[in-house]
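This report refers to the structure that appears directly beneath it.
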Amino acid sequence: FFIFQFSVIVTMTTGPNDFFYSDKYEDDEYEYRHVHVTKEVAKLIPRNRLMTEPEWRSLGVQQSPGWVHYMIHEPERHVLLFRRPLPKKSNTATRKRSKVVKVRD
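Residue numbers (my numbering): 6 to 110.
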């Protein structure tokens, strides 16, 4: 008779303000991440609109430029949801990969 205990591990890093930063994840268009702020900081988040970059930076959120606060998750207002567009792949790179070269025998 064996007893196994399983747990789910979520990788997150802690920032200087005890915020938790998720790993990045993506779809075909965007790169995403979420940031858990403290309950005290969550009280400063606007209730009826998304924040601009200067606003979320003023709360102490630290991440590279280009991230947009794109959604409010009402049940967990202390979780800020961010996204930014994935870099566009150049047409030249696509053409080079699909180029067909004929070789004579």
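Using N, Cα and C, we set each Cβ at its ideal position, and we do this for glycine too.
R62 carries a helical assignment under DSSP once its states are collapsed to helix, strand and coil.
DSSP places E81 within a helical segment (H, G or I) once states are collapsed to three. The residues L55 and L86, in chain order, have a CB closer than 8 Å to that of I77 in the same chain once the five nearest residues on each side in sequence are set aside.
Here E34 carries a coil assignment [DSSP, helix/strand/coil]. Sequence-distant partners of D23 (beyond 5 residues in either direction) whose C-beta falls short of 7 Å from its own C-beta, in its chain, are T43.
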